[in-house]
Amino acid sequence: MNKREGVLFLWNIVAEIQSSLENPVVLFTQKDYSIGVFQALTDIREAMLEKAKPDKISTIVTTFHHQWLEAVQEVEKFKKRVKETPRDVVLNAIDFTTDCTTKRYKRLRKYIDDLRYILTDDEYNKLSSDINVVDEMTEIVISALSEKKKYIRTQADQTEYHVKIQDEIEELMNWLDKQHDNLAVIFCKVLNLKTPVSPTDLTKTLKQVIDEVAADPTPEAQRIAELINIKGKILGSMIRISSINELEIAKVIEKIQSLKERIDRLEDQNSSALMALKHKAMYLEERLQSLENIRTSVKRLKAIPTSSSALSLSDREVHIFNHILPHHDRCRLVEQLVQLWNSAILVHDHESIISILSVADLKEIFSDEKGCFTVDRYGRKIYSKGDDEVKYQLDEHNELVPVEDDDRHVYFYDACGRYYINDTRERVYKDHEGASEYILNKAGYLVKVLEKVNGTEYYYDWLGRYRVNEKGRHIYCEENSSEEYEHDGLGNLVKIHDPDTFCYDPCPIEPITTEENKYLQTEVGTALKECIAAVVLHQPNDPIIYLSQKLVKFHNNIIDRQNRILQEQERLQIQRYIQSQMPKFTTAEHSDVEDENENDIDSNFLQYEHKTENEEF
Numbered sequence: 001m002n003k004r005e006g007v008l009f010l011w012n013i014v015a016e017i018q019s020s021l022e023n024p025v026v027l028f029t030q031k032d033y034s035i036g037v038f039q040a041l042t043d044i045r046e047a048m049l050e051k052a053k054p055d056k057i058s059t060i061v062t063t064f065h066h067q068w069l070e071a072v073q074e075v076e077k078f079k080k081r082v083k084e085t086p087r088d089v090v091l092n093a094i095d096f097t098t099d100c101t102t103k104r105y106k107r108l109r110k111y112i113d114d115l116r117y118i119l120t121d122d123e124y125n126k127l128s129s130d131i132n133v134v135d136e137m138t139e140i141v142i143s144a145l146s147e148k149k150k151y152i153r154t155q156a157d158q159t160e161y162h163v164k165i166q167d168e169i170e171e172l173m174n175w176l177d178k179q180h181d182n183l184a185v186i187f188c189k190v191l192n193l194k195t196p197v198s199p200t201d202l203t204k205t206l207k208q209v210i211d212e213v214a215a216d217p218t219p220e221a222q223r224i225a226e227l228i229n230i231k232g233k234i235l236g237s238m239i240r241i242s243s244i245n246e247l248e249i250a251k252v253i254e255k256i257q258s259l260k261e262r263i264d265r266l267e268d269q270n271s272s273a274l275m276a277l278k279h280k281a282m283y284l285e286e287r288l289q290s291l292e293n294i295r296t297s298v299k300r301l302k303a304i305p306t307s308s309s310a311l312s313l314s315d316r317e318v319h320i321f322n323h324i325l326p327h328h329d330r331c332r333l334v335e336q337l338v339q340l341w342n343s344a345i346l347v348h349d350h351e352s353i354i355s356i357l358s359v360a361d362l363k364e365i366f367s368d369e370k371g372c373f374t375v376d377r378y379g380r381k382i383y384s385k386g387d388d389e390v391k392y393q394l395d396e397h398n399e400l401v402p403v404e405d406d407d408r409h410v411y412f413y414d415a416c417g418r419y420y421i422n423d424t425r426e427r428v429y430k431d432h433e434g435a436s437e438y439i440l441n442k443a444g445y446l447v448k449v450l451e452k453v454n455g456t457e458y459y460y461d462w463l464g465r466y467r468v469n470e471k472g473r474h475i476y477c478e479e480n481s482s483e484e485y486e487h488d489g490l491g492n493l494v495k496i497h498d499p500d501t502f503c504y505d506p507c508p509i510e511p512i513t514t515e516e517n518k519y520l521q522t523e524v525g526t527a528l529k530e531c532i533a534a535v536v537l538h539q540p541n542d543p544i545i546y547l548s549q550k551l552v553k554f555h556n557n558i559i560d561r562q563n564r565i566l567q568e569q570e571r572l573q574i575q576r577y578i579q580s581q582m583p584k585f586t587t588a589e590h591s592d593v594e595d596e597n598e599n600d601i602d603s604n605f606l607q608y609e610h611k612t613e614n615e616e617f
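So in UniProt numbering, the last spot in the sequence shown is 617, and the numbers never skip.
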């Protein structure tokens with residue numbers, strides 16, 4: 001990127017900030033994710049202007065991919081606990097978003113003002129006009145956030161409130177996807193500037209190919225256009241592969257010419273390499289024919305005339321980042337995207353058809369301090385010792401060990417040990433035949449995934465160690481334990497019991513005694529018992545009315561009884577008071593008799609019993 005292109009890139013930064021303000025989302029996690037996008041844009045601009053090493057550019061690309069992954073995971077965690085989150089937390093998040101929106105505009109303004117010295121007056125005025133648009137959009141976003149805050153604060157219906165919050169969270173996730181999609185597209189445009197240009201036009205942009213296919217009225221072309229409209233990424237991959245095939249064809253043709261020259265030089269000589277060169281020429285011609293067939297198939301799509309009525313892909317069809325994917329698939333998506341970026345930016349020693357043709361098929365012999373070796377089709381150094389037919393390769397300790405490939409796997413070595421590549425392109429470490437298998441997790445630790453014990457294969461997942469029985473079910477069991485468990489589908493392990501020895505006993509029947517029953521028995525038990533007994537004894541025509549009348553009479557009798565007791569007690573107290581005020585001229589004997597009679601009266605009164613219930617009934 002030159003200085004002129006660096007100035008033009010500033011408009012991409014401004015456009016990205018404008019895009020981030022098109023939808024007034026709420027940052028519920030109280031983290032401003034737009035800072036990472038803005039930082040990635042400024043970093044890639046500086047790196048391209050400084051002509052930085054590919055490693056630095058790759059780091060920038062990798063960082064913004066992982067930022068998206070972490071952001072989506074944080075928002076998902078908030079979404080799971082949204083019902084337990086107080087409303088004040090949501091309101092504070094809206095205030096935080098408002099502050100971040102204002103800071104976003106100020107950050108952009110400061111960045112452009114700092115680069116004022118490299119801009120002409122005309123360029124600065126145009127950028128200022130675009131930044132003023134950002135300022136106006138900022139005011140609109142702040143107003144929209146204020147309306148959202150007012151709605152959330154005054155919403156009394158909890159169901160409507162939670163639905164509103166869920167919708168806002170979904171908008172935030174879509175906003176994250178869109179921002180990182182735009183960032184990836186901008187990076188593609190910038191990094192394409194460093195792509196070497198071939199002397200012939202080997203590739204076209206995806207839009208040109210779509211235009212050409214859409215313009216053809218033939219049924220076959222329309223079918224292909226519909227397929228492109230549904231799976232646009234597939235066509236992009238085909239074009240990218242075709243460009244690689246074109247480059248490989250050019251290399252193969254170049255190699256064939258050099259081989260023919262070598263054959264011509266060796267025709268008059270009695271050399272053992274003559275036949276090997278001829279066989280190699282035949283192989284290259286067959287490979288060339290295969291690549292020509294691929295190129296012909298792809299060129300049928302390119303040969304369609306152009307037209308203005310081109311089909312355009314929707315945002316969903318060019319979606320790169322997708323938060324709807326499960327977390328495991330999102331991690332795999334980011335990992336594959338990073339690998340694609342690294343393969344496009346960095347220079348790797350991957351296996352290619354050129355290296356295979358140059359080394360493997362010629363069986364060229366090299367030598368180093370370990371001895372003589374050849375390079376096989378997998379890029380491994382294969383050593384041999386004299387007349388010994390055993391082949392050797394270097395292990396993790398840089399020592400020669402025999403090659404122990406089998407029918408299923410080809411084994412390599414790295415710093416962690418011996419491994420093979422499985423179907424998902426993961427390195428599976430296995431020390432020897434029958435040993436346990438491990439994979440390297442993202443934290444850099446070897447995690448066991450498979451082991452064999454007495455001929456039984458045990459696997460490992462997030463729930464633990466399990467085997468697969470004859471019915472295909474996962475049976476979990478720990479080492480040195482006979483207890484077995486099974487996943488219930490809800491994230492729990494349920495113990496498996498032997499149906500012959502395990503049985504269920506019914507729970508003992510306990511008497512149903514509650515506080516309500518105790519209350520009824522204590523307070524109204526006597527009344528109900530007597531009144532119901534009267535109903536059973538008399539058996540009236542209307543037992544309900546009769547029972548109710550009896551209960552009312554029982555209640556009235558209790559009140560009358562209590563009133564009579566109170567009246568009698570008052571009368572007795574008055575009598576005692578009068579007697580205590582009267583003068584006493586009697587002898588002591590008479591007085592004792594009087595007191596005795598008085599005590600007799602009190603005793604009789606206390607023993608007196610008004611049987612009001614029996615009188616009424």
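For every residue, glycine included, the Cβ atom is placed at its ideal position computed from N, Cα and C.
- Listed in chain order, the non-local C-beta contacts of VAL90 below 8 Å within the same chain comprise VAL26, PHE28, ILE152, ILE165, local neighbours out to five positions each way being set aside.
- Look at GLN539 here: in three-state DSSP terms it is coil, with no helix or strand label.
- If you draw a straight line from the Cα of TYR458 to the Cα of GLU479, it is about 10 Å long.
- Contact annotation: ALA281 and ILE256 have beta-carbon atoms nearer than 8 Å.
- Minimum Cα-Cα distance from ARG380 among the listed residues SER19, TYR413, HIS409 corresponds to TYR413.
- Within the DSSP secondary-structure output, GLN393 pairs in a beta bridge with VAL401.
- Remark: three or more beta-carbon pairs, one from each stretch, lie closer than 8 Å, so the segment 7-18 and the segment 134-148 are flagged as touching.
- Spatial neighbours of ALA527 in its own chain (CB-CB distance under 8 Å, excluding positions within 5 residues in sequence) are listed in chain order as LEU551, PHE554, HIS555.
- Assigned with DSSP and collapsed to three states, THR374 falls in strand.
- In this structure, DSSP gives GLU516 a helical state, which the three-state scheme calls helix.
- Rounded to whole angstroms, the separation of the alpha carbons of SER58 and ASN342 is 6 Å.
- Separation of HIS474 and GLU486 (C-alpha to C-alpha, rounded to the nearest whole angstrom) is 7 Å.
- Around the beta carbon of HIS180, a 10 Å sphere encloses 16 or more other beta carbons of the protein chains shown; the residue is thus reported as buried.
- For a cut-off of 8 Å, the C-beta gap from LEU547 to VAL536 is around 10 Å, too long to register as a contact.
- For ARG107, the uninterrupted alpha helix (DSSP H) run begins and ends at 87-114, by DSSP.
- By the neighbour-count criterion, in which a residue is buried when 16 or more other Cβ atoms sit within 10 angstroms of its Cβ, TYR476 is buried.
- Boundaries of the alpha helix (DSSP H) around LEU191: 158-191.
- In the DSSP secondary-structure assignment, ARG427 is bridged to ILE421.
- When only Cα atoms are considered, LYS251 and LEU259 end up about 12 Å apart.
- Distances from the CA of LYS53 to each of ILE345, PRO219, GLU285 were compared; the closest alpha carbon is that of ILE345.
- Around the Cβ of GLU168, a 10 Å sphere holds 16 or more other Cβ atoms; the residue is buried.
- Per DSSP, the continuous alpha helix (DSSP H) segment holding GLY6 begins and ends at 3-20.
- Contact annotation: GLU451 and SER436 have beta-carbon atoms nearer than 8 Å.
- Per DSSP, the continuous alpha helix (DSSP H) segment holding GLU139 begins and ends at 121-154.
- Listed as beta-bridge partners of GLY464 by DSSP are ASP461.
- Your pair TYR445 and LYS430 does not check out as a contact, with CB atoms roughly 17 Å apart and the cut at 8 Å.
- When the Cα atoms are used, VAL72 and MET173 turn out to be separated by approximately 7 Å.
- Distance between GLN39 and LEU10, taken at the CA atoms: about 13 Å.
- Secondary structure note for ILE57: its alpha helix (DSSP H) is the uninterrupted segment 54-80.
- In the DSSP assignment, no residue is bridged to CYS416.
- As the crow flies, the alpha-carbon of ASN517 is around 56 Å from that of GLU171.
- Rounded to whole angstroms, GLY386 and GLY371 show a C-alpha spacing of 10 Å.
- Annotation for TYR124: ARG116 place their beta carbon closer than 7 Å to its own, counting only its chain and skipping 5 residues before and after.
- Distance from the CA of ALA93 to the CA of GLN30, rounded to the nearest whole angstrom, comes to 6 Å.
- The alpha-carbon separation between GLU523 and GLU570 amounts to approximately 28 Å.
- For the pair LEU333 and LEU340, the CB atoms are not nearer than the 8 Å cut-off.
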